[in-house]
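Numbering (the numbering used here), first residue to last: 10 to 373.
Virtual Cβ for every residue (Gly too), placed ideally from N, Cα, C.
Note that the coordinates shown come from a computational prediction; the quantities given were computed from them, not determined experimentally.
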Amino acid sequence: MTTPDAPVPGPGILTIAPYVAGESATEGANTVTKLSANENPHGPSEKARDAVRRVAEEMQLYPESDHLGLRSAIGEVHGLDPARIVCGAGSDELISLLCNAYAGQGREVIYTEHGFAMYPISALASGATPVKVAECARHADVAAILAAVTEATGIVFLANPNNPTGTMVSDTALKTLAEGLPRHVMLVLDGAYAEYVPGYDGGAALVDAHPNVVMTRTFSKLYGLGGLRVGWMYAQPGIIDVMNRMRGPFNVSSAGLAAAEAAMRDRAWVEHCRMENETWRAFLTEELRAIGLPTDDSQANFVLPEFPSEAMAKAADARLRAHGIIVRAVGGYGLPRHLRITVGDEVACRRVVAILKEFMEQPA
Ligand SMILES: Cc1ncc(COP(=O)(O)O)c(C=O)c1O
């Protein structure tokens, strides 16, 4: 074997297509409305902002390593045991740690056709092989997922609601999936958008019922704290122990911890943002359908209209950009005729509809 003359990354790393973040600037537009990253248009709770201001006075100090304050707040609000919660630098970090711990070389990681891009990226980074399973008209297909499981499967990732489709798997189908998976396979229920679904526990009850089920959550969406990078997960004690061995001791910043704790406790702001999202998501869905753009019922904070052709989707994207509105092209998710549009505030939603209405009447 010849010795390489430069450091060589692990197998699979160079096959990773880097994650493309939602853009925030567009040429020629002075004021931009960013509807490309599913951020909360109303921002975080005032209490979270105050908490960050207080922490700013002691930035020289390392953050708490055990995240006890935040884990306790999450536990109180969600009725969960704080000892079975781990916090991370966004749920992205937790997804990556789970792959490093439970996937890796020789193992397979299952995700769905239009599933979140970080699943195959984190799988490849761990040395594992990502396995993409077909969906059924933009809905995850539990039977197909179960059929794809092999002895080599380490993890199945399922976002519920899913990004970028906004669709959900029913409670019954989720139960079938959890019960149908062999015990050696970890099921990660990604609840990044679970807060938008009234009455949905994000999969917490399934975690209690099955030792191989894990739930991940984030403060980046409804809580409006994407810039601070805070996520959390809930799992059985053995998995929590593994995560605590692997994570950095100071993986969440003091600003992130303080803001997330205050945001979690401000239930009035959470409910206000959820209701606003519901109102303007319904408006967008109905108006887009009315101008000839089929749009699935979304359970999250974005909608996914379908254009008559890929060229039309591209032209609509360009038209919106010309008006300073940035949405998300989702060709990379296997949806070249769709655009993912974050539910903005009232002004943004009305502008999107007005621009697309004019576009559909006069595409060229
Ligand atoms: C389905 C899903 N999971 C996880 C994440 C990661 O969120 P964060 O790392 O900000 O917690 C996102 C972000 O877009 C997402 O859409």
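- Under the 8 Å Cβ criterion, the stretch 254 to 268 counts as touching the stretch 68 to 82, having at least three qualifying pairs.
- Counting C-beta atoms within 10 angstroms of its own C-beta, I22 has fewer than 16 neighbours from the protein chains shown and is therefore classed as exposed.
- Residue range 180 to 189 is occupied by the alpha helix (DSSP H) that includes T185.
- Shown here, K230 sits in coil according to DSSP, grouped into three states, outside any helix or strand.
- Taking C-alpha positions only, A269 is separated from V151 by approximately 33 Å.
- With a 10 Å radius around the Cβ and a threshold of 16 neighbouring Cβ atoms, L183 comes out buried.
- Apart from sequence neighbours up to five positions away, the residues of its chain that approach D354 with a beta-carbon distance below 6 Å are P50, ordered along the chain.
- One Cα belongs to M224, the other to I154, and the distance between them is close to 18 Å.
- Distance between L196 and G163, taken at the CA atoms: about 9 Å.
- Judged by DSSP secondary structure, D250 falls within the alpha helix (DSSP H) whose first and last residues are 246 to 255.
- DSSP lists V197 as the beta-bridge partner residues of F166.
- The set of residues with CB atoms less than 6 Å from any heavy atom of ligand 1 reads, in chain order, N47, G99, S100, D101, F125, A168, N172, D199, A201, T227, S229, G235, G240.
- V362 sits close to L293, with the two beta carbons spaced by under 8 Å.
- Boundaries of the alpha helix (DSSP H) around E296: 276 to 299.
- R238 is the residue among R238, I300, K323 whose C-alpha sits nearest the C-alpha of D101.
- When the five nearest sequence neighbours on each side are left out, the beta carbons in the same chain lying within less than 7 Å of the beta carbon of R147 are those of H123, T174, T176, D305, in order along the chain.
- With respect to the 8 Å criterion, A187 and V158 are not classified as neighbours on the basis of their beta carbons.
- Under the Cβ criterion (8 Å, minimum of three pairs), the stretch 85 to 92 does not count as touching the stretch 135 to 142.
- The Cβ neighbour count for G99, taken over all protein chains shown within 10 Å, is at least 16; the residue is labelled buried.
- When C-beta atoms of the stretch 276 to 287 are compared with those of the stretch 315 to 324, fewer than three pairs fall below 8 Å, so the two segments do not count as touching.
- Rounded to the nearest whole angstrom, the CA to CA distance from V206 to D199 is 13 Å.
- If you look at C358, you'll find it in the alpha helix (DSSP H) that goes 355 to 370.
- A distance below 8 Å separates the beta carbons of R274 and A82.
- Under a 10 Å Cβ-count criterion, N253 is classified as exposed, with fewer than 16 other Cβ atoms of the shown protein chains found around its own Cβ.
- Taking 8 Å as the cut-off, the Cβ atoms of Y202 and F166 do not count as close.
- Per DSSP, reduced to three states, the secondary structure at Y209 is coil, with no helix or strand assignment.
- In the DSSP assignment, Y243 falls outside any alpha helix (DSSP H) and lies within the beta strand (DSSP E) extending over 240 to 243.
- T351 counts as buried, since no fewer than 16 other beta carbons sit within 10 angstroms of its beta carbon.
- DSSP places P18 outside both helix and strand once states are collapsed to three, so it counts as coil.
- When rounded, the separation of the alpha-carbon atoms in Y232 and G340 is 28 Å.
- Per DSSP, reduced to three states, the secondary structure at R147 is coil, with no helix or strand assignment.
- Looking at Y342, K323, L329, the one whose alpha-carbon comes closest to that of A143 is Y342.
- When the Cα atoms are used, A218 and P13 turn out to be separated by approximately 49 Å.
- Around the C-beta of P53, 16 or more other C-beta atoms lie within 10 Å, and the residue is accordingly described as buried.
- Following the DSSP letters along the chain, one finds P139 inside the beta strand (DSSP E) bounded by residues 138 to 142.
- Note that the C-beta distance between N310 and K230 is below 8 Å.
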